[in-house]
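In my numbering, the protein residues as written are 60 to 968.
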Amino acid sequence: MTWFGDSVRAKAAIAGRFTRSSIVPSLFAIFALLAIGYVYQTQNSANFRQALKSDVESTLSLVAAQIQANIESNTAALSGLANDVSLDGSISPARFEAIATRIMRRNPGIRRIGLAPGGVLTRVMPAREQARIVGTRLDTFYSQRTASRRAQTHGRAALGSRIILPDGTAGFDVYLPVFSGRGGSSGLWGFVEAVIDEEAIQLGTTLTALSQRGNAASPVSAGPVSAGRNTPIMLAIRDISDPDNIGDAFIGQNATFQAEPVLQDVALPGGTWQIAGVPVGGFDQTPDNAHRIGLILLLCGIVVIVPIVLTFGLMGERRRAVAALDRRNREFVAMSQRLNLALECSRFGVWEIDLATRQRSWDDRMYHLHGLATGGGAPGADGWKIHVHPDDLDEAEDALTETVMFLGRYQSDYRVVLPTGIRHIRHIGAVNLGPDHRKTVTGISWDITEDVHLTAALREAKALAEARTAELAAAKDRIEHNALHDPLTGLGNRRMLDAALAALSERDTNAATDVALLHLDLDRFKQINDTLGHAAGDAMLVHASQVLQSEAGEGDLVARIGGDEFIVLVENPASGELEALSERIIARMRQPVDFEGFACRFGVSIGIAVSDGADADLRRLLVNADIALYRAKEKGRNRFEFFSEALQCEIVNNKRIADEILEGIENDEFTAWYQPQFDAETLTLCGVEALIRWNHPREGVLTPDRFLSIAEDLNVVATLDRIVMERALIDLMTWTAAGISMPRISVNVSARRLSDETLLATLAGLSFRPGQLCFELVEAIFLDGDDEMITANIAGILALGIDIELDDFGTGHTSIVSLLKIKPKRLKIDRQLVSPIIGSPREQALVRAIIDIGRSLGIGIVAEGVETLAHAEMLAVLGCDILQGYAFSKPVTAEDLKRAAVLQWELAS
Numbered sequence: 060m061t062w063f064g065d066s067v068r069a070k071a072a073i074a075g076r077f078t079r080s081s082i083v084p085s086l087f088a089i090f091a092l093l094a095i096g097y098v099y100q101t102q103n104s105a106n107f108r109q110a111l112k113s114d115v116e117s118t119l120s121l122v123a124a125q126i127q128a129n130i131e132s133n134t135a136a137l138s139g140l141a142n143d144v145s146l147d148g149s150i151s152p153a154r155f156e157a158i159a160t161r162i163m164r165r166n167p168g169i170r171r172i173g174l175a176p177g178g179v180l181t182r183v184m185p186a187r188e189q190a191r192i193v194g195t196r197l198d199t200f201y202s203q204r205t206a207s208r209r210a211q212t213h214g215r216a217a218l219g220s221r222i223i224l225p226d227g228t229a230g231f232d233v234y235l236p237v238f239s240g241r242g243g244s245s246g247l248w249g250f251v252e253a254v255i256d257e258e259a260i261q262l263g264t265t266l267t268a269l270s271q272r273g274n275a276a277s278p279v280s281a282g283p284v285s286a287g288r289n290t291p292i293m294l295a296i297r298d299i300s301d302p303d304n305i306g307d308a309f310i311g312q313n314a315t316f317q318a319e320p321v322l323q324d325v326a327l328p329g330g331t332w333q334i335a336g337v338p339v340g341g342f343d344q345t346p347d348n349a350h351r352i353g354l355i356l357l358l359c360g361i362v363v364i365v366p367i368v369l370t371f372g373l374m375g376e377r378r379r380a381v382a383a384l385d386r387r388n389r390e391f392v393a394m395s396q397r398l399n400l401a402l403e404c405s406r407f408g409v410w411e412i413d414l415a416t417r418q419r420s421w422d423d424r425m426y427h428l429h430g431l432a433t434g435g436g437a438p439g440a441d442g443w444k445i446h447v448h449p450d451d452l453d454e455a456e457d458a459l460t461e462t463v464m465f466l467g468r469y470q471s472d473y474r475v476v477l478p479t480g481i482r483h484i485r486h487i488g489a490v491n492l493g494p495d496h497r498k499t500v501t502g503i504s505w506d507i508t509e510d511v512h513l514t515a516a517l518r519e520a521k522a523l524a525e526a527r528t529a530e531l532a533a534a535k536d537r538i539e540h541n542a543l544h545d546p547l548t549g550l551g552n553r554r555m556l557d558a559a560l561a562a563l564s565e566r567d568t569n570a571a572t573d574v575a576l577l578h579l580d581l582d583r584f585k586q587i588n589d590t591l592g593h594a595a596g597d598a599m600l601v602h603a604s605q606v607l608q609s610e611a612g613e614g615d616l617v618a619r620i621g622g623d624e625f626i627v628l629v630e631n632p633a634s635g636e637l638e639a640l641s642e643r644i645i646a647r648m649r650q651p652v653d654f655e656g657f658a659c660r661f662g663v664s665i666g667i668a669v670s671d672g673a674d675a676d677l678r679r680l681l682v683n684a685d686i687a688l689y690r691a692k693e694k695g696r697n698r699f700e701f702f703s704e705a706l707q708c709e710i711v712n713n714k715r716i717a718d719e720i721l722e723g724i725e726n727d728e729f730t731a732w733y734q735p736q737f738d739a740e741t742l743t744l745c746g747v748e749a750l751i752r753w754n755h756p757r758e759g760v761l762t763p764d765r766f767l768s769i770a771e772d773l774n775v776v777a778t779l780d781r782i783v784m785e786r787a788l789i790d791l792m793t794w795t796a797a798g799i800s801m802p803r804i805s806v807n808v809s810a811r812r813l814s815d816e817t818l819l820a821t822l823a824g825l826s827f828r829p830g831q832l833c834f835e836l837v838e839a840i841f842l843d844g845d846d847e848m849i850t851a852n853i854a855g856i857l858a859l860g861i862d863i864e865l866d867d868f869g870t871g872h873t874s875i876v877s878l879l880k881i882k883p884k885r886l887k888i889d890r891q892l893v894s895p896i897i898g899s900p901r902e903q904a905l906v907r908a909i910i911d912i913g914r915s916l917g918i919g920i921v922a923e924g925v926e927t928l929a930h931a932e933m934l935a936v937l938g939c940d941i942l943q944g945y946a947f948s949k950p951v952t953a954e955d956l957k958r959a960a961v962l963q964w965e966l967a968s
């Protein structure tokens, strides 16, 4: 097999060399033949395309003439009926039926005949069409209007559009104008309307004839037909009577008109059709004789190229043989020189061992390697052994014995003992059969002492590298452990939690695993950290981590994700397990922790989220647990809450309202409504309180209870306060311009607004009389602190002539200290104290005490939430100065307040 393969490759190489010399002349001959063939084939194709075009043109002309003759013969048959109607001005039903029946019998292609006086069909034949057609106007559709107008304009029959008949066949509308009176000079009477069967138009034409010869699919389909040269042709016909509204092909395909066809226009009564024809396969077809011409060119090429290849191939082979012989001679001389130089410069020793006598023959280099003087004669069969290290002698002899037995390759390493030390020598050889059939081992030897020492050094370096690698692996493990664990508590960190969630997400979805996350946040941790220092805070965190580790299950993950926040990940929790775990954690966290003699107490709030199967988004689960934690803190801390869809909906709704609040501020949707305040003695209007309202684009006017808590989370309450104050001052100027004197406007001001550094600068540019603007401090709890900015702003507000009024007094939000500190103009008693005073001596005494406190300090009293006149009378008796509530008026718009003030708004009104 090897011989056969080598033979094939050798023959292929010879053939390649043989043809390589004839490539250039062969290419010249090939290019010449190709050029001649291309020119001939191009001219042949052009002639073929011209013949195809001539065939198509003659076929189209024949089809056009035949279609035109068919249509004109049918329209001529209808002219008699049109003339009868024109002469008489009308026609009886019996006569119309007789004439129409005769016409349709003589012209089977006419499928329907109708009379349309005034453009409305009143009579139709055959009679079965009466119910469906009678009453139809001929100007209902664009195509009908166009055809009927052409017929009227030109005074002759006009062909309409293609229609589908009830039996599923197709036909064409024909409209013959009928003019009353002789000569058609008395005006249009109407039309004779008829339908000519599409198949009848083609009947007897070339389309039908060719299809009967088997070259077309059917007369109606206009598939491939054959011309005079039996050329298959694709035909299509369309109506081009209206250049602005050219329709699709009603016979054949629209694609035929896109294939660069031969076109033939057919002039018909009142319109024009266009016939398109292309050969099947297009005009770019291969001529029938193309293959024959190609075969002739191929034979000519073979006749010309083969002699060229043989001639130039033989010449090239001779030239290559001469060059190869010369090259081999030069290579032999160069190789001999290189070998001699290599032997002279190398450190190899050459030797030979006679396997029969074990006699050794060495060159000078071998003597040098063994530490012997050159020219001392051959070492003999055993003489070399005295120079070999005793420990290596047996191995060296075994290697030679194995080579003799198996006639294989000889290889041996041994040490030579020299006065200067130990030398390592390597021997490599092979069995050689000489011309006299004598077996010898011939080989080389060289000094490998440096290699042996280097190998030993490399082994030591490898051992050292492996030791260092082990140290690096240990360091890497420590780094990875530190990267995944919190250094203070030893718990997993956020990175470990993310890795655990990712691993759970990548599990097999068929093995559904329920996962629960407990998000914990320590309560009162900040107070401990701020008062006792960070060491105490760290001790509390370590204690919390120990509690969580002891209470969590064996397979649960406990992680500290930042600050005083922890996560417990529980897989497949049992029913009630999460509640029990949370209760145990909360109970243990409540226990005091001793730190350097201080009993530190703190609690924990827990938010719990549970996945609902394998498709759950575990990263979303962490967000859900955070939402539940927020709800737990919102409900009073030291408790746990589960995430639910209702909570999710609430969060989404709050987010939507928050976005709408921000949009409302940008779109100026917030405004001020006003609740009037009345003098308790005279019941006359003495002021108003400005209340914020939201003109929501979808929900209408919204009160603060619908959005104010969310606005506080958004930190835009100060902005809303500013909007109400600006709106109130604008309305105040509007009322003043209308001649309405408003003694006072009260606006609510939050603590955040009161601590604004730019508040006084904003108020300095406003226009109002001293005492006309009053600020209600609705978050007076902050006034008991030592906020210097609030204190300075209050002093500045009083200096600008703006009164201060303490809102919700008596509900625990303000104190006597606040009264002494800011000296307000008025106190507003909260509605919770006002509502129950009727029939309750205790509440009456409480309200009377507040009034007495105010009067002792020279502070006016305002009562809000006055719902009835009985409340008003009671409060007036107790000594209130100003009354406000639904007993007098609900909050109203500025315009409503203006109208009421014009009507002299008093209690009686």
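By construction, the Cβ of each residue, glycine as well, lies at the ideal position given by its N, Cα and C atoms.
Check, Outcome
"Thr370 versus Trp410: straight-line alpha-carbon distance, rounded", "55 Å"
"Between the CA atoms of Gly168 and Gly273 - distance to the nearest angstrom", "Residue placement at Gly273 cannot be trusted, given a pLDDT of 35 that sits under 50; what the coordinates show is reported in the next sentence. For Gly273 and Gly168, the distance between alpha carbons rounds to 24 Å."
"Gly592, buried or exposed, once every other Cβ within 10 Å from all chains shown has been counted against 16", "exposed"
"Beta-carbon contacts of Asp423 that lie in its chain and below 7 Å, excluding the five residues immediately before and after", "Thr433"
"Residue range of the beta strand (DSSP E) that includes Ala504", "Residue identity check: residue 504 is Ser in the sequence provided, not Ala. Run containing Ser504: Lys498 to Asp506, per the beta strand (DSSP E) assignment."
"Residues near Val747 in its chain [Cβ-Cβ closer than 8 Å; skip 5 each side]", "Tyr733, Gln734, Pro735, Gln736, Met801, Arg803, Ile804, Ser805 and Leu956"
"Three-way DSSP call (helix, strand, coil) for Thr743 in this model", "strand"
"Proximal residues to Leu637 (C-beta, below 6 Å), its chain only, five neighbours per side dropped", "Ala575 and Ile667"
"Alpha-carbon to alpha-carbon, Gly353 and Arg170", "56 Å"
"C-alpha distance - Gln707 paired with Leu680, whole-angstrom precision", "12 Å"
"Simplified DSSP state of Val669, which is helix, strand or coil", "strand"
"As assigned by DSSP and simplified to three states, the class of Glu624", "strand"
"Thr593 (DSSP reduced to helix, strand or coil)", "A quick correction: the sequence has His, not Thr, at residue 593. Of the three classes helix, strand and coil, the one that applies to His593 here is helix, per DSSP."
"For His483, the three-state DSSP class (helix, strand or coil)", "strand"
"Distance, Ile255 Cα to Gly246 Cα", "27 Å"
"Opposing strand residues paired with Pro338 [DSSP bridges]", "Ile292"
"Residue closest to Gly230, alpha-carbon to alpha-carbon, out of Val237, Phe238 and Leu218", "Leu218"
"Separation of Arg786 from Asp676, as counted between CA atoms", "48 Å"
"Alpha helix (DSSP H) runs contained entirely in the stretch 214–262, provided each spans 4 or more residues", "257–261"
"Cα-Cα separation between Leu120 and Gln323, rounded to whole angstroms", "It should be pointed out that residue 120 corresponds to Ser in this sequence rather than to Leu. Rounded to whole angstroms, Ser120 to Gln323 spans 7 Å at the Cα level."
"Beta-carbon proximity list for Gln605, same chain, < 6 Å, skipping 5 on both sides", "none"
"contact_flag[the stretch 717–725, the stretch 937–955] where n(CB pairs < 8 Å) is 3 or more", "no"
"Environment of Gln125 [buried if 16+ CB atoms lie within 10 Å]", "buried"
"Beta-carbon contacts of Ile222 that lie in its chain and below 8 Å, excluding the five residues immediately before and after", "Ala229, Gly230, Phe231, Asp232 and Val254"
"Cβ-based burial, Met293 [other Cβ within 10 Å; buried from 16]", "buried"
"Assumed close pair Leu581, Met555 - CB separation to whole angstroms, cut-off 8 Å", "About 20 Å separates the two Cβ atoms, so there is no contact after all."
"Three-state secondary structure (DSSP) of Cys359", "helix"
"Identified DSSP bridge partners for Ser471", "His486"
"Leu180 vs Arg196 beta-carbon contact at 9 Å", "yes"
"Cβ-Cβ distance between Arg215 and Leu235 below 9 Å", "yes"
"Buried or exposed by the 16-neighbour rule on C-beta atoms within 10 Å, applied to Ile881", "buried"
"Asn491 in three-state terms, based on DSSP", "strand"
"Span of the beta strand (DSSP E), counted from its first residue to its last, around Gln736", "Phe729 to Asp738"
"Glu565 (DSSP reduced to helix, strand or coil)", "coil"
"Endpoints, the beta strand (DSSP E) within which Leu42 is located", "For residue 42 there is no data in the structure shown, the boundaries of the chain being 60 and 968."
"DSSP three-state assignment for Met184, whether helix, strand or coil", "strand"
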